[in-house]
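Engineer: Sharing a structure below in structure tokens format, with a few things to ask.
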Amino acid sequence: MQALDDASLEIRDGERLAVVGENGAGKTSLMNVLYGLYQPDRGEVRIGGEAVRLKSPKEALARGIGMVHQHFMLVPSLTVAENVVLGKEPARHGLFDLRAANEHVLATCRRFGFALDPEAPVESLSVGSQQKVEIVKALHRGARTLILDEPTAVLTPQEADELFAVARQLTAAGHTVIFISHKLKEVLAIATRIAVMRRGAVVADVAPGATSVKELAELMVRASPTPLSPSRVEREPPPGAQLPFSPSGAGGEPPPATRPPFSPSGVEGPSTSLRHARGERSSGSDQVEPRTPVLEVTDLTARGSRGRPALQGVSLTVAAGEIVGLAGVDGNGQRELAEVLTGLRPYDAGTFSLGGTVLCNPSPAALRQLGLAHVPEDRLKRAVVGPMSVEENVTLGRQHLPPFARGARIDFAGRRERAARLIADYDVRPPDPTARMVELSGGNQQKVVVARELDATPRLLVAVQPTRGLDVQAVAQVHARLRAERNRGCAVLVVSLDLDELLAVCDRLYVFFEGRVAGEIARARFDERFIGRLMLGARAETDTRD
Amino acid sequence: MTDVTLRARLVRPFQTALPSVLSVALALAVCFLAIVASQGSLWVAARAYAEMAWGGFGDLPKLFAGADASALTRPWGETASKTALLTLTGLSVAVAFSVGLFNIGAQGQMMVGALSAAVLGGKLALPWPLHVAVCLAGAALAGAAYAEIAAALKLERGVHEVISTIMLNWIAVSLVENWLVVGPLRAQASGDNSISGTDEILASAQLPRLLGETSRLHAGILVAAALAVAVWYWLARTRYGFESRAVGLGPEAARAAGIPVAARVYQAMALSGALAGVAGAVLVMGTEHKFPATLGAPYGFDGIAISLIGQNHPLGVLASAALFGALRAGGTRMQLLGVHKSFPELIQGLALLFVAARLVWETLLSRFRREPAASATVEVPRA
Amino acid sequence: MIRRLATVALASGLALTACKKKDETAPPALAMPAKRVVGLVTDVGGRGDQSFNDSALRGLELWAAGARFEGGGYRPSSADELKASLTPELASRQPPIVPLGVAPLVVQSKAQEDYEPNLELLVEQGAELTVGVGFMLENAVEAVARRNPKAKFLLIDSPVLDASGKPICLPNVRTVVFREEEGSFLVGALAGLVSKRRVGFVGGMEIPLIKKFEAGFRAGVASTNPAAAEKLLATYTGSFDNVAAGKQVGQDLMAKGVDVVFQAAGSDGLGVIQAVKEARAEGKDVYVIGVDSDQAHLAPGAVLTSMVKRVDLAVYEAVRDLKAGTLAGGDVARGLKEDGVGLAVVRLDFPGKLEALAKLEALRQRVVSGELHVPSNAAELAAFKAQP
């Protein structure tokens, strides 16, 4: 398969260029050519009119081109400064000069307005800060043109805004910034120019002022084999959300005059607000009445990976036939809760029950037996076994049950048949059940995971960042599947750092802050700004208002 | 056969085996050049290789010159005994590797297995087939128990298995070779005569010779081959094997999928130790008929090389063990031409080195194919 | 890539054929002339062990075949090289040690289980006599000798034993054991003469073979210095491969006042020698006596002498008997009389050296003549001490 097909792209000094396109449109491949990771079969890269052959990232860096990958390449135990200078360490008398490194990093941070502590170990930083470390690293190595591969995929809205501010600073200082992105709204807000890619070629070059989300989406998928239904485009934006999202701290504006309805958890049962919400749901009228709670969590307390408290008395419920979201800035306990609920993290106190069965530190196997399905966040680590084939991955979790096993033996025919069916249903490409999982693109891997988990007809689905890194079309597909599960009567819990996503699919939201539920909001009262404030710890204020 | 299954059945195994085959070929070539260099003669090197082949696969020239069948069966016997041992220790390493553990301890597990077989074979009096079975089972149990120490240390205390198995090897050497075999279990000779190793095992505990007395070909090779097929079946065809592989390739994903990771690790390590233990038993019951003063060549360590060259696949292990069994059995004959005794091991070591440097291979191969990633057959996943 | 490899293989194939043709005109350098072939299988120690295997190889290669193994092949050795390897006693032996015109064929063993196929291989290659060096080859020699009744074998250091450990006799196997007690007796006598304070003995594992050394040594000390024999300190390290343990034991003995120590402890003994060497460097007047081969080069100045086992001579004489057609099966025990054991040259000077050597020679004569029976175990030792 050809990743790039006569793609031409011009990059101008000091601009903020966004490169958009579906998964597999060739965005990353094109940038990898620019960064010296791939060599083109034909064609060339010209810098300042001079044709160059970039055979490695080192050569690209020498020409001032730096790249920040979606997955950071940092050493967690080293400090910010150590990571930044790694590979190009300042030396004095032949020894590593830590002080010079610290000063250098501090200077760079000041110049571009980063708030980074050079001596903090990287593992203690949030994802957003780690991204900044990557940027400083690229700058330290002399990058004048900075390629950011889906930079906001891992960021909270607030962090994304900070990143955009940084990007503006950089271009103001004469640097060039190239974004690869799926998020058209963001792209419109930040880019000075937008290049649209489709099937390995650049098909359009538009100015953000002269286009719209809708038009961009059409450019991206025109002549695609499957019809487009990007949720973010179709979704009715809630009131007050037309503007690009801005954190309450930065905007300084109070919430909209109409005070958003809000019920702190435990104070008011979800049932009343839910009934409101259901009437306003954007999709379909074929929904099932929310029935008995499937998941009930009471006063759950658990510790995070380094022993610090992560959950401090969380209570929530998810009923059959509803999609419940967990919103929150990264690192406020949502991830740990999902791990507890899927049996991957032990908890210290509290209880939770699944389908009426009260559990005590259950194993993942026991939970799956009770009807849990799990779409984990870290796909390559937790969801799939990369070196195994697609069909082998399809059996994971039910490898001991028909149609995948007959007694102790693997049922190869049954497995092949089921895998082929799921591949067809979910349009996994390539449609080869024996392909190794790592050979698939991220989007197709996720399709396999979702297909596998939903194939088990779960009672409870826990999906963490289910659309991270997917293109518009794949996102729409996943969202449609989530809704279908809800309509079937499944209880769905979605954890996402992408507030847009939660607003798009959820019937109800819990907002997490510092390991506690800071608020519970029904769909009827969704309000981006208000939720944003809750995510940043505005509970005390709202408490007084109640 | 559909296109997909054709690819899975034929193309993939071939692609997997290719680096090993090339590595072995390259190792043979490099070693050949080394012999040429050390002996100063291409002719001697060629004859040395011919001798190695006759010694490993059967002395055809001698047979044609009118010798009896022992010209074939005797080399076969030596090759088969070495192949059996290398297969078993190779399987031991491969099985542990399937759950992601690097078992350096096959040597120690083999040693306790060999001692168990020697003791059970010498002290028990049982009828023939039963006695053999009891000795093999005892050796397997001893090896398994010994390996479980490393598994328990890993799972309960987080001790890395490479460290613990290396230590356990030394403990086995000290315990078995330096104490039991020269102390309490030492064979007693009459008068002032010295005798090495333990008492000989009874005839009822010996693995039967398959081709008469002139060849040492014994039933050990059948045991090893049967176990290789069984391990392959377990790994490839049963869900327990599948779960073990999943644990090895993606422990977190396996855990999230509800696979009992610890249980699979204990199981695989027990099987690994049992296979190494059986290797010890086959050595004792097949050729030595006692625990000798020192337990043969370091087959436990060879198992690591055999397993890696066999790509950790049970049948690959069998193939690579057969090849190196033959090379090493026949390699002794290179000494007849003055070639140093270490060359057969050198071939094995070089092959391992080349397999380990597989990445380099693959880069070279892909450069030859001239397939830049921009038009590669797979979409490169973001990573 | 594959095509390229194929080309290489093809090219080398061509080179081989070319080479073959050339070789047909001139006989290959390594082809043996029609000499009688004598094979030798080392134990796992192999060539270069500075001890047992090297001694056997000397007997076969340098003495019997008049050849030296160098760079993977044999070259004829000069008469001077042979002479340099002989002690005065050996040089004066009749008939003299001269090359016998046989072709050596040596296979080194890499593992215990290789002994049998290696012996078999040499028989197959036409070796009329095959030497198995060391008692570890006992099983293998027995098995191969039974299968090949026409071939002859020499087994060093052990009789052929049946499954229950009783010596048996095979018509085509000569076995050689050494009366180590007689050599130990002589070094014991020397130790008794040299020691001013106390005499010590370090053994390896406490097995009958080493007990033989101890018995002979004690008897020797008793014959020249009964008082020292009473105070003699004997220790066993329990191993043959632990240099550190040997060193510790050696230091321990010296701390207890021992000034002459005899070691029969394999590698542990090297530790004893090391300990004595260091003590001498500190100015102490102490000596060590080596074992098996002349170990003086390990610590010149500290090694008084060594109790040597003439494995080389045993191998050489077996080859000579083969040529003479007198090689028969059976057990041979070689002591002082047969030059099977003996004293290495005493190179150190000490007060009264000449008288001491004369006394030793007198004792040697008494043993050789059979007048004096040297005890080889504790019971015989008690009887030996009881007699006047």
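Taken in order, these protein sequences are the chains called A, B and C.
Here the first sequence is numbered in the working numbering, starting from 78 and rising by one per residue.
Here the second sequence is numbered in the working numbering, starting from 2 and rising by one per residue.
Here the third sequence is numbered in the working numbering, starting from 67 and rising by one per residue.
Idealized CB from N, CA, C, for every residue including glycine.
#1: Can you tell me the Cα-Cα spacing of Leu181/B and Gly198/B, whole angstroms?
#2: Verify the CB distance criterion: does Lys176/C have a CB-CB separation below 8 Å to chain B?
#3: Counting only runs of 3+ residues fully inside the segment 200 to 267 of chain A, write out the beta strand (DSSP E) ranges in chain order.
#4: Ignore the nearest five residues each way along the sequence and tell me which others in Glu330/A's own chain have a CB closer than 7 Å to its CB.
#5: The beta strand (DSSP E) with Thr371/C in it runs from where to where?
#6: Which partner residues of Gly270/A appear in the DSSP bridge assignment?
#7: For chain C, is any of its Cβ atoms less than 8 Å away from the one on Ala298/B?
#8: Nearest to Ser442/C by alpha carbon, out of Ala341/C, Gly418/C and Gly286/C?
#9: DSSP three-state label for Thr215/B, please.
#10: Measure from the alpha carbon of Ala188/B to the alpha carbon of each residue in Pro14/B, Ala119/B, Phe344/B and Ile310/B, then state which is nearest.
#11: Tell me the rounded alpha-carbon separation between Ala134/B and Val232/B.
#12: Which same chain residues end up closer than 7 Å to Arg380/A when comparing Cβ atoms and leaving out the 5 residues on each side of it in sequence?
#13: Per DSSP, what kind of secondary structure is Ala298/B in: helix, strand or coil?
#14: Considering only residues of the same chain and omitting the five flanking positions on each side of Leu353/B, which have a CB-CB separation below 7 Å?
#15: Within 8 Å (strictly less), CB to CB, does Ala227/B reach chain C?
#16: Which residues, taken in chain order from the segment 177 to 188 of chain C, show a beta carbon closer than 9 Å to some beta carbon of chain B?
#17: Ignore the nearest five residues each way along the sequence and tell me which others in Leu155/A's own chain have a CB closer than 8 Å to its CB.
#18: With a cut-off of 8 Å on the beta carbons, I'd call Ala178/A and Pro167/A a contact; round off their distance for me.
#19: Between Glu162/B and the rest of its own chain, which residues show a CB-CB distance below 7 Å, the 5 nearest in sequence each way excluded?
#20: Tell me, to the nearest whole angstrom, how far the beta carbon of Val264/A is from that of Val145/A; I am working on the premise that it is less than 8 Å.
#21: Along chain B, which residues have their Cβ under 9 Å away from the Cβ of Lys104/A?
#22: Tell me which residue opens and which closes the alpha helix (DSSP H) that Thr17/B is part of.
#23: Evaluate Arg456/A with the Cβ neighbour count: other Cβ atoms within 10 Å of its Cβ, from every protein chain shown; 16 or more gives buried, anything less gives exposed.
#24: Mind listing the chain A neighbours of Leu250/B? Cutoff is C-beta to C-beta under 9 Å, in chain order.
#25: Would the beta-carbon of Ala357/B fall within 8 Å of that of Gly474/A?
#26: At least one CB of chain F closer than 8 Å to the CB of Arg187/B: is that the case?
#27: With 16 other CB atoms within 10 Å as the buried threshold, where does Tyr267/B fall?
#28: Excluding sequence positions up to five away, which residues of its chain have a Cβ less than 7 Å from the Cβ of Phe306/C?
#29: Taking the continuous alpha helix (DSSP H) assigned at Leu455/C, which residues delimit it?
#30: Helix, strand or coil for Ala115/B per DSSP?
#31: Can you name, in chain order, every residue of its own chain whose Cβ lies under 8 Å from the Cβ of Glu494/A, other than the five neighbours on each side?
#32: Taking 8 Å as the threshold, find out whether the segment 499 to 510 of chain A comes into contact with the segment 425 to 444 of chain A through three or more Cβ pairs.
#33: Give the secondary structure of Ile142/A by DSSP, where H, G and I count as helix, E and B as strand, and everything else as coil.
#34: Could you check whether the segment 10 to 20 of chain B touches the segment 322 to 342 of chain B, counting it as contact only if at least three pairs of C-beta atoms, one from each stretch, sit closer than 8 Å?
#35: Applying a beta-carbon distance threshold of less than 7 Å, which residues of chain B neighbour Ile487/A?
#36: Where are the beta strand (DSSP E) runs, 3 residues long or more, that stay fully inside the segment 152 to 232 of chain C, in chain order?
Structural biologist: Considering the structure as presented:
#1: Start at 1 with the first residue of the second sequence, and residue 181/B comes out as number 180. Start at 1 with the first residue of the second sequence, and residue 198/B comes out as number 197. Rounded to whole angstroms, Leu181/B to Gly198/B spans 10 Å at the Cα level.
#2: As a position in the third sequence, residue 176/C is number 110, starting the count at 1. Judged by the 8 Å Cβ criterion, Lys176/C is in contact with chain B.
#3: 222 to 226 and 253 to 258
#4: Numbered from 1 along the first sequence, position 253 holds the residue referred to as residue 330/A. Residue placement at Glu330/A is flagged as unreliable, the pLDDT there being 39, under the threshold of 50; the coordinate-derived value follows with that caveat. Within the same chain, Glu330/A has no close Cβ partners at all.
#5: Mapped onto the third sequence, residue 371/C falls at position 305. First-last of the beta strand (DSSP E) with Thr371/C: Val369 to Lys375.
#6: Working through the first sequence from its first residue, we reach residue 270/A at position 193. Rather than Gly, the amino acid found at residue 270/A in this sequence is Arg. DSSP output for Arg270/A lists Leu94/A as bridge partner(s).
#7: What you label residue 298/B is simply residue 297 of the second sequence in a count that begins at 1. Yes, its Cβ sits closer than 8 Å to a Cβ of chain C.
#8: Counting from one through the third sequence, the residue named residue 442/C turns up at place 376. Closest by alpha carbon: Gly286/C.
#9: Locating residue 215/B in the second sequence gives position 214, counting from the first residue. In the structure shown, Thr215/B sits in coil (DSSP, three-state: anything other than H, G, I, E or B).
#10: Along the second sequence, read from residue 1 onward, the residue named residue 188/B stands at position 187. Per the Cα distances, Ala119/B.
#11: Position 133 of the second sequence, counted from the first residue, corresponds to residue 134/B. Position 231 of the second sequence, counted from the first residue, corresponds to residue 232/B. Spanning the two alpha carbons is a distance of roughly 19 Å.
#12: Within the first sequence, the letter at position 303 stands for residue 380/A. Excluding residues within five positions, the ones whose Cβ falls inside 7 Å are Pro386, Ala387 and Asp425.
#13: Translated into positions along the second sequence, residue 298/B becomes position 297. Looking at Ala298/B - three-state DSSP - the assignment turns out to be coil, as it is neither helix nor strand.
#14: In the second sequence, the residue the question calls residue 353/B occupies position 352. If we look at Leu353/B and ignore the five residues flanking it on each side, its Cβ neighbours are Ala306, Leu309 and Ile310.
#15: In the second sequence, counting from the first residue as 1, residue 227/B sits at position 226. No, because no Cβ of chain C sits closer than 8 Å to the Cβ of Ala227/B.
#16: Ala177, Gln178, Glu179, Asp180, Glu182, Pro183, Asn184, Glu186, Leu187 and Leu188
#17: Counted from its first residue, the first sequence places residue 155/A at position 78. Leu163, Pro198 and Val199, listed in sequence order.
#18: Here residue 178/A is taken as the residue at index 101 of the first sequence, counted from 1. Here residue 167/A is taken as the residue at index 90 of the first sequence, counted from 1. That belief holds up - the Cβ atoms of Ala178/A and Pro167/A are roughly 6 Å apart, short of 8 Å.
#19: Stepping through the second sequence from its first residue, residue 162/B is reached at position 161. So the qualifying residues of the chain are Leu102, Phe103, Asn104, Ala151 and Lys155.
#20: If you number the first sequence from 1, residue 264/A lands on position 187. If you number the first sequence from 1, residue 145/A lands on position 68. Actually they are not in contact, since the Cβ atoms of Val264/A and Val145/A sit about 17 Å apart, beyond 8 Å.
#21: Numbered from 1 along the first sequence, position 27 holds the residue referred to as residue 104/A. Neighbours of Lys104/A on chain B: none; closest Cβ ~10 Å, over 9 Å.
#22: What you label residue 17/B is simply residue 16 of the second sequence in a count that begins at 1. Counting along the chain, the alpha helix (DSSP H) containing Thr17/B begins and ends at Arg13 to Gln40.
#23: On the first sequence, residue 456/A is found 379 positions in, with the first residue counted as 1. It counts as buried.
#24: Locating residue 250/B in the second sequence gives position 249, counting from the first residue. Near Leu250/B (Cβ distances below 9 Å), the residues of chain A are Val462, Gly463, Pro464 and Met465.
#25: Looking up residue 357/B in the second sequence gives position 356. Looking up residue 474/A in the first sequence gives position 397. It is not a contact, given that the beta carbons lie outside the stated cut-off.
#26: This model lacks chain F altogether, as its protein chains are A, B and C.
#27: The residue labelled residue 267/B in the question sits at position 266 within the second sequence. It counts as buried.
#28: As a working note, residue 306/C is residue 240 in the third sequence. The residues are Gly270, Met271, Ala331, Gly332, Ser333 and Asp334.
#29: Only positions 67 to 454 of chain C appear in the structure, and residue 455/C is not among them; the question remains open.
#30: If you number the second sequence from 1, residue 115/B lands on position 114. If DSSP states are grouped into helix, strand and coil, Ala115/B belongs with the helices.
#31: To locate residue 494/A, count along the first sequence from 1; it is residue 417. Here the set comprises Pro480.
#32: no
#33: Start at 1 with the first residue of the first sequence, and residue 142/A comes out as number 65. It is a strand residue.
#34: no
#35: Against the first sequence, residue 487/A aligns to sequence position 410. Here the neighbours are Arg238, Thr239, Arg240 and Phe243.
#36: 168 to 173, 195 to 198 and 218 to 222
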